[in-house]
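Participant: Take the sequence shown: its letter number 45 is residue 66 in my numbering, and every next letter is one higher. The beta-carbon is built from N, C-alpha and C at its ideal position, and this holds for glycine as well. What follows is a single structure, and I will ask about it in a moment.
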Amino acid sequence: MLSADKKFGITMGDNAEPCIFVLDNGYMAPADTDLKMEPGNWYNILMAVDNNGNFQGALWEKDAPEDAAYFGIALGAFEDGDLYKNKSWELSIGFKGQSTFEIAEYCYYSFEGFVKETAAPVV
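Dropping the structure here:
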């Protein structure tokens, strides 16, 4: 696993809803979606961060990309946003309670910019 100073990720909330979190500032909020993650189903997830502390991602059931849940957050726009710019990040997948999950495969990609702009909540 790659390690970094800051951590951002997605976890399953109390009602099986996907939630985004930022570990170092305690931020956690549900993604704006009707998608519920269910045991026994396979999901794909894509998470990305740019140099300005902007995060975007998508989560979808394996064979249903048309029903993807999109999420994003602009940490660089926070009051202390400079703390989140030009940093190394660890992207995490988590869960609450007693659970087990399998990761079939993972990849790291480089990119020049976001293809789909999403509304990025700011706390």
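What are the start and end residues of each continuous beta strand (DSSP E) run of 3 or more residues lying completely inside the stretch 48 to 100, in chain order?
Facilitator: Here the runs fully enclosed are 48 to 51, 64 to 70, 75 to 82 and 90 to 95.
Participant: Can you tell me the Cα-Cα spacing of residue 71 and residue 113, whole angstroms?
Facilitator: Along the sequence shown, read from residue 1 onward, the residue named residue 71 stands at position 50. Along the sequence shown, read from residue 1 onward, the residue named residue 113 stands at position 92. If you take the alpha carbons of residue 71 and residue 113, they lie about 16 Å apart.
Participant: In three-state terms, what does DSSP make of residue 34?
Facilitator: The count along the sequence shown starts at 1 and reaches residue 34 at position 13. The answer is coil: DSSP assigns residue 34 none of H, G, I, E or B.
Participant: Alpha carbon to alpha carbon, what distance is there between residue 76 and residue 142?
Facilitator: Stepping through the sequence shown from its first residue, residue 142 is reached at position 121. Stepping through the sequence shown from its first residue, residue 76 is reached at position 55. Any answer about residue 142 is weak, because its pLDDT of 49 lies below 50 and its placement is not dependable; what the coordinates show is given next. Distance between the alpha carbons of residue 142 and residue 76 is about 10 Å.
Participant: How many angstroms separate the CA atom of residue 98 from the CA atom of residue 79?
Facilitator: Locating residue 98 in the sequence shown gives position 77, where the first residue counts as 1. Locating residue 79 in the sequence shown gives position 58, where the first residue counts as 1. Each residue's Cα considered, the two are about 21 Å apart.
Participant: Are the beta-carbon atoms belonging to residue 110 and residue 83 less than 7 Å from one another?
Facilitator: Counting from 1 along the sequence shown, the entry for residue 110 is found at position 89. Counting from 1 along the sequence shown, the entry for residue 83 is found at position 62. No.
Participant: Note down the Cα distance separating residue 144 from residue 44, rounded to an integer number of angstroms.
Facilitator: As a working note, residue 144 is residue 123 in the sequence shown. As a working note, residue 44 is residue 23 in the sequence shown. Note that residue 144 scores 39 on pLDDT, short of 50, meaning its location in the model is unreliable and no value can be drawn from it.
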